[in-house]
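This report refers to the structure that appears directly beneath it.
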Amino acid sequence: MDVVPIPLLSDNYGYLLVGPDGERAAVVDCSDARPVLREVERRGLRLEAILSTHHHFDHVGGNEDVARAVPGVRVIGSRADRARVPALTEALADGESFAVAGLQGRALYIPAHTSGHLAYVFPDGEPSVFSGDTLFAAGCGRLFEGSPAQMMASLGKLAALPDPTRVYFGHEYTLKNLRFAHELEPGNRAIAAKLAHVERLRAEGQPTVPSTIAEEKATNPFLRWRSAELRAGIRARFPDVVDDDVAIFAKTRELKDAY
Ligand SMILES: [Zn+2]
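So for the sequence shown, this note's numbering puts the first residue at 40; every next one is plus one.
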């Protein structure tokens, strides 16, 4: 599978997935139809499907336009978001398999940013996951429709994927996320090294996708509530916080909301 990141809107990524025949394609999170269709045409591809991770406009804003421009295109989304994903034709529940463009995928239900959020996992070849606004490089989505405990469970499902799994996330927030992570764990060498690397990439205007599950476990404060340094940092900022995993995670999220 070839994955082509397409920068959309101000800092979103859509992803064009090109199947093994080099002709059939799908797009993950189409917020804007025109740049996606332009890329499909430029590469001489046939767009078979849109995969929507969640209903927010900056992830599905192009669905209707693509459905009009490409008759018969499939629009795949979460069963829990049936009423909110525009032009939806196929609704998936947790663990359900699907095939698009000759690729085998699986839906992973990961609510909390929104109550219907899905990730799409492609386990074959170079395993990949499209994590939408739930798992970012060194960050996680805001809790618009879920609790800290629910987000921890959803992130835990993603963290349980094999370490080499490539993580394709919904927004280019990596630099700011890593600065926050570095403040919480100044002694974490993996964070310091990745921050230096990402500063170089962004200075050159390069995207920071993909990450990997292994990198996220080493650098993402929202997967690192067990880190003694992170816990001490949170307790220093919130002296009244209860020393348990959910409370530490919730305070980490609260701190990031204001960062
Ligand atoms: Zn969102």
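All C-beta atoms, glycine included, are put in the ideal place defined by N, C-alpha and C.
All of these numbers come straight from a predicted model, not from anything done at the bench.
*May I have all residues whose beta carbon comes closer than 5 Å to any heavy atom of ligand 1, sorted in chain order?*
So the residues near ligand 1 by this Cβ test are 95, 172.
_Meets three-Cβ-pair contact criterion under 8 Å: the segment 192-204 and the segment 277-284_ = Result no; under three Cβ-Cβ pairs closer than 8 Å.
*Terminal residues of the continuous alpha helix (DSSP H) containing residue 268?*
Run containing residue 268: 267-276, per the alpha helix (DSSP H) assignment.
_With 16 other Cβ atoms within 10 Å as the buried cut-off, status of residue 292_ = Buried, by the Cβ-count rule.
*Buried/exposed call for residue 81, threshold 16 Cβ in 10 Å*: By the 10 Å Cβ count, residue 81 comes out exposed.
*With residue 60 and residue 141 assumed to form a contact (beta carbons below 8 Å), what rounded beta-carbon distance in angstroms separates them?*
With 8 Å as the limit, residue 60 and residue 141 qualify as a contact, their Cβ atoms being about 6 Å apart.
*With DSSP as the reference, label residue 288 as helix, strand or coil.*
Correct three-state label for residue 288: helix.
*Under a Cβ-count criterion, where at least 16 other Cβ atoms within 10 Å of its own Cβ denotes burial, should residue 54 be classed as buried or exposed?*
Burial call: buried.
*Grab me the residues of residue 189's own chain with a C-beta within less than 7 Å of its C-beta, minus the 5 sequence neighbours each way, in chain order.*
For residue 189, same chain residues with a beta-carbon under 7 Å away, outside a window of 5 residues either side, are 150, 151 in chain order.
_Check this for me: beta carbons of residue 203 and residue 251, under 8 Å apart or not?_
In terms of Cβ geometry, residue 203 and residue 251 form a close pair [threshold 8 Å].
*Could you give the DSSP three-state label for residue 251: helix, strand or coil?*
Residue state, collapsed to three classes: strand.
*For the alpha helix (DSSP H) containing residue 154, list its first residue and its last residue.*
Note, residue 154: premise wrong, no alpha helix (DSSP H); not H, not E.
_residue 74 - containing beta strand (DSSP E), residue span_ = Residue 74 -> not in any beta strand (DSSP E); alpha helix (DSSP H) instead, spanning 72-81.
*Provide the residue(s) that pair with residue 45 in DSSP beta bridges, ordered along the chain.*
Paired residue(s): 53.
*Which whole-angstrom value describes the C-beta separation of residue 176 and residue 216, a residue pair presumed to lie in contact below a C-beta threshold of 8 Å?*
A Cβ-Cβ distance of about 6 Å is found for the pair residue 176 and residue 216, placing them in contact under the 8 Å criterion.
_Are the CB atoms of residue 154 and residue 192 within a distance shorter than 8 Å?_
At the C-beta level, residue 192 and residue 154 stay beyond 8 Å of one another.
_Going by DSSP in three states, residue 165 sits in which element: helix, strand or coil?_
Reduced to three states, the DSSP call for residue 165 is coil.
*Between the C-alpha atoms of residue 243 and residue 103, what's the straight-line distance to the nearest angstrom?*
Their Cα atoms are separated by approximately 34 Å.
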